[in-house]
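Its first residue numbered 4, the sequence shown is counted upward by one per residue in my numbering.
Even glycine gets a Cβ: it sits at the ideal position worked out from N, Cα and C.
The model shown is predicted, which means the values in this text are computed figures rather than measured ones.
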Amino acid sequence: MKKTKKSLLPGTLIALSMAATGEAVYYAGGRPMLFGAMAFWGLALIALVVTVSLILPPLLSKILLGAMTAAILILVVLFSVLELYIMQRSSSHITGEPETMVVLGANLWDHKPSPILQQRLNVAADYWKKHPDMTVVVTGGMGDDEPCSEAEAMAQALMQLGVPSQQIILEEEAANTMQNLQFSKSLLEQKGFSTEHLLVVSSSSHLARAELLAKRNHLTVSTLSAPVPGDSVYRTYFALREGAALVKSFLFDRLPEGYPS
């Protein structure tokens with residue numbers, strides 16, 4: 004019985020940690036869906052550990068639990084390397100003189116930009132004031148729970164910050180980062196603007212993914228970093244979420260088949 008309890012301990016601690024992390028994410032302002040997913044997988048792992056320990060012979064149980072623990076540790080190491088890469092790409096990287104700025108959308112709160120989106124707009128407006136000949140594309144469609152498109156709210160906020168309306172182009176269809184860049188590129192080309200070198204503005208932790216998807220859209224971009232607002236817990240949550248999103252984008256986000264490059 005003592006050996007069984009000992010073999011249960013490592014896996015159970017990992018599983019409980021996953022469930023606890025999910026709860027921390029929820030209280031830090033994360034989406035309930037993410038909290039539910041983490042809690043579910045944590046509890047599922049507890050059930051698997053208990054099943055393996057109680058049903059299988061002791062030696063086989065020990066081997067399988069050891070393999071599970073090693074696999075989880077390897078995933079933690081790989082994810083940590085990914086987070087270091089995200090941190091390394093989180094600052095602004097501007098080369099040359101981009102003629103067009105693309106500000107990536109984020110959620111609205113009521114009719115106004117959320118704090119994370121407002122930071123992007125503040126940084127974009129400050130840069131525009133030093134380069135007032137730039138055209139600014141604001142990109143983001145209307146979510147199910149939003150009263151208007153993200154692009155419309157972003158344009159209004161930029162005008163309040165001093166950017167004239169005639170230098171703002173609205174892209175109001177995009178539902179994710181891939182589409183932000185894909186649709187912005189198409190819209191600029193339709194209007195006769197060059198897309199050889201764009202300045203992409205987004206939150207610091209989001210820039211690595213934006214760069215990846217810009218390459219998928221055959222775009223050469225510089226990046227302008229906006230700080231992630233909130234306390235350290237929320238900033239950590241946002242960086243971890245971006246790690247998972249970067250993996251998802253690397254594996255699945257592609258231009259539609261037959262889409263012009």
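Asked, Found
"Can you tell me whether A229 is helix, strand or coil according to DSSP?", "strand"
"If I89 sits next to G246, beta carbons under 8 Å apart, how far is it from one beta carbon to the other, in whole angstroms?", "6 Å"
"Taking Cβ positions, are L124 and L161 nearer each other than 8 Å?", "yes"
"From the DSSP output, which residues share a beta bridge with P135?", "BP columns for P135 are empty, so no partner."
"May I have the straight-line CA-CA distance separating A229 from A128, to the nearest angstrom?", "11 Å"
"Quick check on the burial criterion: 16 or more other C-beta atoms within 10 angstroms. Buried or exposed for W112?", "exposed"
"Shortest alpha-carbon distance to L249 belongs to which of H209, S235 and R219?", "H209"
"Identify the continuous alpha helix (DSSP H) that holds M162 and give its terminal residues.", "E153 to Q163"
"Enumerate, from N- to C-terminal direction, the unbroken beta strand (DSSP E) stretches of 3 or more residues contained entirely within the stretch 174-231.", "201-206 and 224-229"
"Would you kindly report the start and end of the unbroken alpha helix (DSSP H) that includes T239?", "S235 to F255"
"Between M4 and the rest of its own chain, which residues show a CB-CB distance below 6 Å, the 5 nearest in sequence each way excluded?", "Note that M4 scores 43 on pLDDT, short of 50, meaning its location in the model is unreliable; the coordinates nonetheless yield the value given after this. Within the same chain, M4 has no close Cβ partners at all."
"Identify which residue in H114, P101 and S252 has its Cα closest to the Cα of V140.", "P101"
"Need the endpoints of the beta strand (DSSP E) that M71 sits in, please.", "From DSSP, M71 is part of no beta strand (DSSP E) but of the alpha helix (DSSP H) over P61 to Q91."
"If we count Cβ pairs, one from each stretch, closer than 8 Å, do we get three or more for the stretch 66-75 versus the stretch 131-147?", "no"
"Do A217 and V204 have their beta-carbon atoms positioned less than 8 Å apart in this structure?", "no"
"Skipping 5 residues on each side, what residues in its chain have a beta carbon closer than 6 Å to that of I97?", "S225"
"For G33, name the three-state secondary structure that DSSP assigns.", "A caution first: G33 carries a pLDDT of 49, below 50, which makes its placement in the model unreliable, though a value can still be read off. Note: G33 maps to coil in three-state DSSP."
"What is the DSSP secondary structure of K115, reduced to helix, strand or coil?", "strand"
"Quick one: is P116 buried, meaning 16 or more other Cβ sit within 10 Å of its Cβ, or exposed?", "buried"
"Our contact map puts L146 next to A177 with C-beta atoms below 8 Å; I'd like the distance itself, whole angstroms only.", "The sequence given here has Gly at residue 146, not Leu. About 11 Å separates the two Cβ atoms, so there is no contact after all."
"Which residues does DSSP pair with V140 in a beta bridge?", "V105 and I172"
"What distance in whole Å lies between the Cβ atoms of K188 and T180, which are believed to be in contact at a cut-off of 8 Å?", "Incorrect: roughly 13 Å between the Cβ atoms, too far for contact."
"Could you tell me if D256 is buried or exposed, where buried requires 16 or more neighbouring beta carbons within 10 angstroms of its beta carbon?", "buried"
"On the premise that S207 lies in contact with V231, defined as a C-beta separation below 8 Å, what is that separation, rounded to the nearest angstrom?", "6 Å"
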